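Peer 1:
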Amino acid sequence: MGLLSILRRLKQAPEQEVRLLLLGLDNAGKTTLLKQLAAEDTSYITPTQGFNIKSVQSSGFKLNVWDIGGQRKIRPYWKNYFENTDVLIYVIDSADRRRFEETSLELAELLEEEQLAAVPLLIFANKQDLMTATPASELAEGLNLHTIRDRMWQVQACSAVSAEGVQDGMTWVCRNIAVRKK
Amino acid sequence: MLGCIWQYVYTSFLRYWLKWLIRQATGTCELQRICSGYKPGATRTTKAEYSLRSSKNKALRGALDTNKDQLEQCVDQIMKVKNVKPQKDPLFKESLHVCLLQITGYNRLYISVEDLRKEVFSSENQEHEATLLKLWDLLMPDVKLESRITKQWGDIGFQGDDPKTDFRGMGMLGLINLVFFSENYTEEARQVLSHANHPKLGYSYAIVGINLTEMAYSLLKSGALKPHFYNTVLGTPELQHFHQLYCYLAYEFDKFWVAEEPESIMQFNQYREKFHDIVKMHLQDPDVSLTLTVRSKN
Numbered sequence: 001m002g003l004l005s006i007l008r009r010l011k012q013a014p015e016q017e018v019r020l021l022l023l024g025l026d027n028a029g030k031t032t033l034l035k036q037l038a039a040e041d042t043s044y045i046t047p048t049q050g051f052n053i054k055s056v057q058s059s060g061f062k063l064n065v066w067d068i069g070g071q072r073k074i075r076p077y078w079k080n081y082f083e084n085t086d087v088l089i090y091v092i093d094s095a096d097r098r099r100f101e102e103t104s105l106e107l108a109e110l111l112e113e114e115q116l117a118a119v120p121l122l123i124f125a126n127k128q129d130l131m132t133a134t135p136a137s138e139l140a141e142g143l144n145l146h147t148i149r150d151r152m153w154q155v156q157a158c159s160a161v162s163a164e165g166v167q168d169g170m171t172w173v174c175r176n177i178a179v180r181k182k
Numbered sequence: 001m002l003g004c005i006w007q008y009v010y011t012s013f014l015r016y017w018l019k020w021l022i023r024q025a026t027g028t029c030e031l032q033r034i035c036s037g038y039k040p041g042a043t044r045t046t047k048a049e050y051s052l053r054s055s056k057n058k059a060l061r062g063a064l065d066t067n068k069d070q071l072e073q074c075v076d077q078i079m080k081v082k083n084v085k086p087q088k089d090p091l092f093k094e095s096l097h098v099c100l101l102q103i104t105g106y107n108r109l110y111i112s113v114e115d116l117r118k119e120v121f122s123s124e125n126q127e128h129e130a131t132l133l134k135l136w137d138l139l140m141p142d143v144k145l146e147s148r149i150t151k152q153w154g155d156i157g158f159q160g161d162d163p164k165t166d167f168r169g170m171g172m173l174g175l176i177n178l179v180f181f182s183e184n185y186t187e188e189a190r191q192v193l194s195h196a197n198h199p200k201l202g203y204s205y206a207i208v209g210i211n212l213t214e215m216a217y218s219l220l221k222s223g224a225l226k227p228h229f230y231n232t233v234l235g236t237p238e239l240q241h242f243h244q245l246y247c248y249l250a251y252e253f254d255k256f257w258v259a260e261e262p263e264s265i266m267q268f269n270q271y272r273e274k275f276h277d278i279v280k281m282h283l284q285d286p287d288v289s290l291t292l293t294v295r296s297k298n
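Protein chains in written order, with the UniProt record's numbering: chain Y, 1 to 182; chain U, 1 to 298.
#1: Could you tell me the boundaries of the alpha helix (DSSP H) in which residue 216 of chain U lies?
#2: Can you check which of these residues, U/56, U/87, U/100, is closest to residue 305 of chain U by C-alpha distance?
#3: Have a look at the DSSP bridge pairing and note the partners of residue 89 of chain Y.
#4: Let me make sure I understand the geometry here. Which of U/215, U/113, U/225, U/233 has the alpha-carbon closest to that of residue 253 of chain U?
#5: In whole angstroms, give me the CA-to-CA distance for residue 163 of chain U and residue 171 of chain U.
#6: Does any residue of chain U have a CB that is nearer than 9 Å to the CB of residue 124 of chain Y?
#7: Going by DSSP, which residues form a beta bridge with residue 17 of chain Y?
#8: Residue 15 of chain Y: which of Y/138, Y/58, Y/124, Y/103 sits nearest, CA to CA?
#9: What do you reckon, are the CB atoms on residue 133 of chain Y and residue 29 of chain Y nearer than 9 Å?
#10: Report all residues from its chain with a CB closer than 7 Å to the CB of residue 4 of chain U; omit the five preceding and five following residues, and keep chain order.
#11: Under 9 Å between C-beta atoms, does residue 213 of chain U make it to chain Y?
#12: Could you tell me whether any Cβ in chain U is nearer than 9 Å to the Cβ of residue 162 of chain Y?
#13: Less than 6 Å between C-beta atoms, sequence neighbours within five positions excluded: which residues of the same chain meet that for residue 85 of chain Y?
#14: I'd like to know whether the C-beta atoms of residue 72 of chain Y and residue 159 of chain U end up nearer to each other than 9 Å.
#15: Between the region 142-168 of chain U and chain Y, which residues of the former have CB atoms less than 8 Å from a CB of the latter, in chain order?
#16: Strictly below 8 Å CB to CB, what residues from chain Y border residue 170 of chain U?
#17: Pull up the distance between the alpha-carbon of residue 298 of chain U and that of residue 133 of chain U, whole angstroms please.
#18: Pick from U/180, U/269, U/226: whose alpha carbon is nearest that of residue 204 of chain U?
#19: With a Cβ-Cβ cutoff of 9 Å, do residue 292 of chain U and residue 113 of chain U count as a contact?
#20: Taking buried to mean at least 16 other C-beta atoms within 10 Å of its own C-beta, is residue 48 of chain U buried or exposed?
#21: Do the region 100-110 of chain Y and the region 41-54 of chain Y touch if we need at least three Cβ pairs shorter than 8 Å?
#22: Give the DSSP-derived three-state secondary structure of residue 67 of chain Y in the structure shown.
#23: What are the partner residues of residue 157 of chain Y, as DSSP defines its beta bridges?
#24: Examine chain U for any beta-carbon lying closer than 9 Å to the beta-carbon of residue 72 of chain Y, and answer yes or no.
#25: Apart from the five residues just before and just after residue 51 of chain U, which ones in its own chain have a Cβ nearer than 7 Å to its Cβ?
What follows is the structure, encoded as structure tokens:
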């Protein structure tokens with residue numbers, strides 16, 4: 001490695017900016033997850049009208065996390081946020097069996113989107129702290145995730161409220177950005 | 001830096017010498033001068049609060065955390081300590097009493113509001129359910145709710161077919177505020193709802209309302225609402241006064257939103273912040289009074 005390339009690498013040292021997109025149905029726990037990532041208090045959360053954005057430092061990356069409201073009425077706006085997404089994080093309320101079908105349909109539609117083609121996908125099986133939560137493995141089966149072949153994907157059990165599992169998910173995210181950006 | 005040093009020197013030494021000097025010259029204590037020098041309201045009560053908080057005397061500092069029914073005793077105690085003769089300053093006792101009702105009442109109001117916020121909406125609780133259905137009837141008197149779980153909830157701005165998950169961090173406080181506005185300002189609430197249901201400029205009435213409850217709650221918690229309550233309630237502020245403040249926010253936010261004509265609902269947080277800044281600016285004014293000025297049924 002020549003001196004020039006070392007200098008060039010040093011110059012690049014300002015961390016890479018990464019765009020993460022948080023999607024999922026309303027009440028899945030996207031904003032709680034966002035606040036947990038930013039180490040903020042999660043006890044006063046209200047439904048998201050529009051979107052929230054926060055920047056978090058992690059493993060040498062600057063993660064710009066976009067949390068978009070999940071209510072049906074604003075789902076048509078989701079596509080305005082697809083561009084340049086590095087990792088898609090899809091959040092599911094594992095205790096809300098009644099809406100598994102709805103969330104599965106929304107996810108399937110997202111995976112068809114051209115702008116999101118080949119974008120790595122992390123699925124947070126959230127609310128594992130609740131007694132009635134479905135285990136992540138069962139959820140993966142129900143969603144037919146094994147049929148996804150066009151991208152890296154991972155299911156991670158977590159509780160955004162207690163932070164359990166969140167860091168494991170983010171580690172996967174950081175590893176897969178590295179692969180993608182090279 | 002210099003400001004810091006001055007601040008320190010002033011609060012720890014100069015302030016006391018100055019107070020002592022003025023006391024010798026006028027024969028009145030600081031609290032008396034505050035009560036006679038300012039009209040009832042935020043300026044007087046804020047100054048009295050500061051004076052009591054920075055006092056070296058335990059009885060004076062303790063007055064800030066006294067129960068409502070022991071306040072009169074507490075005022076007598078302060079008058080004794082400060083050697084204030086009722087004959088010489090007949091208005092003082094009542095003035096200080098009102099100030100203390102306002103100061104301690106604000107803290108108690110926060111506790112009551114916090115209790116309501118922590119009360120989680122539960123479908124098993126009949127009272128909660130009845131309150132939710134009441135909200136529908138007040139806002140949509142001509143439309144019958146087809147069932148408890150229905151897409152119709154979207155018509156008054158809840159996210160899905162069961163509103164219970166939308167209350168989240170604000171609990172019953174969010175629902176009670178929504179009902180209070182619809183019940184006491186029915187016409188205004190319906191007018192706001194019709195703006196919210198505008199096909200282009202619209203927003204989700206109920207969840208924006210819950211969001212504004214969060215705004216009112218955090219303003220209360222930070223103490224920012226003190227001047228408002230000190231000016232508008234000459235006594236103990238109660239829960240209904242907090243609900244009234246919510247009504248002001250709900251009505252004014254709608255006016256602001258309609259006037260600003262945002263591009264879409266996705267801009268909500270940006271405009272919410274702008275509105276929040278306006279409210280905080282109003283609260284800097286010592287004469288602030290955030291009251292909804294339309295006729296109320298009450």
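Even for Gly, the Cβ is constructed at its ideal location relative to N, Cα and C.
None of these values were measured; they are calculated from a predicted model.
Peer 2: In short:
#1: 205-222
#2: Given that chain U is displayed from residue 1 to residue 298, the structure contains no residue 305 of chain U and the question cannot be resolved.
#3: Beta-bridge pairing by DSSP links residue 89 of chain Y to Y/22, Y/122.
#4: U/215
#5: 12 Å
#6: no
#7: According to DSSP, residue 17 of chain Y bridges with Y/62.
#8: That would be Y/58, whose Cα lies nearest to the Cα of residue 15 of chain Y.
#9: no
#10: none
#11: yes
#12: no
#13: 19, 21, 119
#14: yes
#15: Against chain Y - using a Cβ distance shorter than 8 Å - the residues of the region 142-168 of chain U are 154, 159, 160, 165, 166, 168.
#16: Identification of chain Y residues near residue 170 of chain U by a Cβ-Cβ cut-off of 8 Å yields 44, 46, ordered along the chain.
#17: Interpretation of residue 298 of chain U is limited by its pLDDT of 48, a score under 50 that renders its predicted location unreliable; no figure is taken from the coordinates.
#18: U/269
#19: no
#20: buried
#21: Taking 8 Å as the limit for Cβ pairs, the verdict is that the region 41-54 of chain Y does not touch the region 100-110 of chain Y.
#22: strand
#23: For residue 157 of chain Y, which the question treats as bridged, DSSP gives the partners Y/125.
#24: Chain U contact via Cβ: present.
#25: The residues are 30, 31, 34.
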